[in-house]
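Asks: Pasting in a structure now, in structure tokens, and then I'll have a few things to ask.
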Amino acid sequence: MAQSVTISDQIRALSDEECLERIKARKKQWGDRLLFLVHNYQRWEEILIADEVGDSLELARKGRDNQTAENIVFCGVHFMAETSRILAGDHQKVFLPNHYAGCPMADMAEESTVEEAWEELCRVMQGTGEKFVPVTYVNSTAALKAFCGRHGGTCVTSSNAKKIFEKILPENRIFFFPDEHLGRNSANSLDVPRDEQVLWDWTNPAEELGGLAEDQIRNSRVLLWKGYCHVHTHFSPLMIQEARKQYPGAVIIAHPECPEEVVAAADLAGSTKLMADYIEEAPAGSTIILATEINHAKNLDNLHADKKVLGLSRSLCPNQYKVNLRNILATLEVMGTSDEANEIHVPADTVREARIALERMLEMS
Ligand code: CIZ
Ligand code: SF4
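Taking my numbering, the leading residue of the sequence shown gets -9, the next gets one more, and so forth.
Written out as structure tokens, the structure is:
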């Protein structure tokens, strides 16, 4: 992991306004040589000073496409900055303002645990003439993206998961990690029968085959990993019922990381980008309620004064929240010096193999 930047007492003592002014001055100093990327789940004050705002893959692609920017600051969580690093050119550096901003969902799929499960799956499928394709949500470590690249697999985002599942499923089975819910919602949207969706429970190492029988594995089309995002599993159908009573006529959109009952109770399901596009197109006066990270809802509400955008409940990602004006400023102040910290490093082999998985995704979507 990168060395963590130190927040000096002098930076700590600054007011938010002073911090912002200093960040803007640093950005101006670097000009086109710096690209400041801000994820949808970040706070409004960062959105306001962003060069680009978007989802993790969109931002990583912006970094790759902007070859004049030698420094990319990614305000988001670790796996996102890693994806940006994987796609960036060799002359570019990627920085994450707080290198402790991880993602519990990504951490639920450790490379060694997934490798062990994979070996078991290959053994169980031996002689059947059929195979699993490993598919990872982009919300995963670089090591898992590389694992998929090495084993003929791919990545998906919450925007293209259904399309990619549809392409793989007629011929092959899917081994999907780390998010059970995105996998299940994608399988449901393609009418994969319930008994052909099985769950690999890695949480009890005493259980063999993730708690599954060999026949269950052989009869399955989609094998899901027991991982989740607590920000999205927080939502419930009851919250949707209550919101409908309070805001009759509102449209409710659930992120596909939500449990299937929540997706079923909502009007629509889709990625952060789908939500932003839907709100952009909605007529003035509309009320749209989002079952996703609260800052995304607040930011979209701020952007659309003629519409009301609400979060279904105040569910905040504590890891996205770890990036703030002070660690952004501290990162910018050491950038280009010999004390440069918070740079993201990914081993060259991992970059090469992870790129294969990301490129397969781009081809299929
Ligand atoms: O990939 C992303 O940025 C996330 C967290 C979800 C989405 O739906 O955009
Ligand atoms: Fe991870 Fe969920 Fe936070 Fe996204 S919202 S970074 S998936 S914990």
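No residue lacks a Cβ here, since even glycine has one placed at the ideal position from N, Cα and C. These figures come from a predicted structure and were not determined experimentally.
1) Cβ of Ile207 within 8 angstroms of Cβ of Leu111?
2) Classify Trp190 as helix, strand or coil using the three-state DSSP reduction.
3) Report the option in Ile39, Arg54 and Tyr31 whose CA atom is closest to the CA atom of Ile318.
4) By DSSP, does Asn61 sit in helix, in strand, or in coil?
5) Would you say Cys219 touches ligand 2, meaning its beta carbon is less than 7 angstroms from a heavy atom?
6) Hey, is Pro309 close to ligand 1, as in C-beta under 7 angstroms from one of its heavy atoms?
7) Where do the ends of the alpha helix (DSSP H) carrying Val67 lie?
8) If I follow the unbroken beta strand (DSSP E) through Pro195, where does it start and stop?
9) Exposed or buried, Gln19, counting other C-beta atoms within 10 Å across all chains shown (16 or more means buried)?
10) If the criterion is Cβ atoms closer than 8 angstroms, does the pair Ile269 and Val299 meet it?
11) Under the assumption that Leu293 contacts Leu10 (Cβ atoms under 8 angstroms), give the Cβ distance between them as a whole number of angstroms.
12) Between the segment 258 to 274 and the segment 189 to 197, do at least 3 Cβ pairs fall closer than 8 angstroms?
13) Rounded to the nearest angstrom, what separates Leu199 and Val182 at their Cα positions?
14) If you count every other CB in all the chains shown that lies within 10 Å of the CB of Lys235, and 16 or more means buried, which is it?
15) Determine, using beta-carbon pairs with one atom in the segment 269 to 284 and one in the segment 149 to 169, whether at least three such pairs fall under 8 angstroms.
16) What does a CB cutoff of less than 8 angstroms around Glu204 pick up in its chain, not counting 5 residues either side in sequence?
17) Determine, using beta-carbon pairs with one atom in the segment 71 to 79 and one in the segment 43 to 52, whether at least three such pairs fall under 8 angstroms.
18) Classify Glu7 as buried or exposed, calling it buried when 16 or more other Cβ atoms lie within 10 Å of its own Cβ.
19) Go through the residues and name those whose CB comes closer than 7 angstroms to any heavy atom of ligand 1, in chain order.
20) Please report the distance separating the alpha-carbon of Lys153 from that of Glu170.
21) On the criterion of 16 or more Cβ atoms from any shown chain inside 10 Å, does Gln32 qualify as buried, or is it exposed?
22) Are Glu363 and Gly139 closer than 8 angstroms when you measure CB to CB?
23) Give the secondary structure of Lys17 by DSSP, where H, G and I count as helix, E and B as strand, and everything else as coil.
24) Closer than 6 angstroms by C-beta to Phe85: which residues in its own chain qualify, once you throw out the five before and the five after it? Chain order, please.
25) DSSP three-state call for Phe122: helix, strand or coil?
26) In this structure, how does DSSP classify Leu24 when only helix, strand and coil are distinguished?
27) Leaving out five residues before and five after Asp257 in sequence, what residues of the same chain have Cβ atoms less than 6 angstroms from its Cβ?
28) Could you tell me the alpha carbon to alpha carbon distance between Asn194 and Gln0, rounded to whole angstroms?
29) Going by the DSSP bridge assignment, what does Phe85 pair with across the sheet?
30) Look at the alpha carbon of Ala133 and the alpha carbon of Phe69, and state the distance between them as a whole number of angstroms.
31) Check for me: the beta strand (DSSP E) holding Ala244 runs from which residue to which?
32) Along the chain, where does the beta strand (DSSP E) that runs through Arg163 open and close?
33) By Cβ distance below 7 angstroms, which residues in the same chain neighbour Val(-5) in space, the five residues on each side in sequence not counted?
34) Would you say the beta carbon of Val67 is closer than 7 angstroms to some non-hydrogen atom of ligand 2?
35) According to DSSP, what are the bridge partners of Lys298?
36) Where Met359 and Thr144 are concerned, what is the direct C-alpha to C-alpha distance, given to the nearest angstrom?
Replies: Checking against the coordinates, here is how it stands:
1) In this structure, Leu111 lies closer than 8 angstroms to Ile207 by Cβ.
2) strand
3) Ile39
4) strand
5) Yes; taking the cut-off as 7 angstroms, the Cβ of Cys219 has a heavy atom of ligand 2 nearer than that.
6) Checking the displayed sequence, the identity of residue 309 turns out to be Asn instead of Pro. No; taking the cut-off as 7 angstroms, the Cβ of Asn309 has no heavy atom of ligand 1 nearer than that.
7) From DSSP, Val67 is part of no alpha helix (DSSP H); its letter is neither H nor E.
8) No beta strand (DSSP E) contains Pro195, which DSSP labels as neither H nor E.
9) exposed
10) yes
11) So it is not a contact: roughly 19 angstroms between Cβ atoms.
12) no
13) When rounded, the distance between both Cα atoms is 22 angstroms.
14) exposed
15) Between the segment 269 to 284 and the segment 149 to 169 there are fewer than three C-beta pairs closer than 8 angstroms, too few to call the two in contact.
16) Val114
17) yes
18) exposed
19) Near ligand 1, meaning a Cβ closer than 7 angstroms to any of its heavy atoms, lie the following residues in chain order: His29, Asn30, Tyr31, Asp45, Ser46, Leu47, Met70, Val128, Asn129, Thr147, Ser148, Ser149, His245, Ser261, Thr262 and Lys263.
20) 17 angstroms
21) buried
22) Lying before the first or after the last residue shown, residue 363 is absent from the chain, which here runs from -9 to 355.
23) helix
24) Val63, Thr321, Asn332 and Glu333
25) strand
26) strand
27) Val241 and Ile242
28) 48 angstroms
29) Val63 and Glu333
30) Each residue's alpha carbon lies about 10 angstroms from the other.
31) Val241 to Ala244
32) Arg163 to Phe167
33) Asn317, Ala320, Thr321, Val324, Ala331 and Asn332
34) yes
35) Thr277
36) Since the first residue of the chain shown is -9 and the last is 355, residue 359 is not available in this structure.
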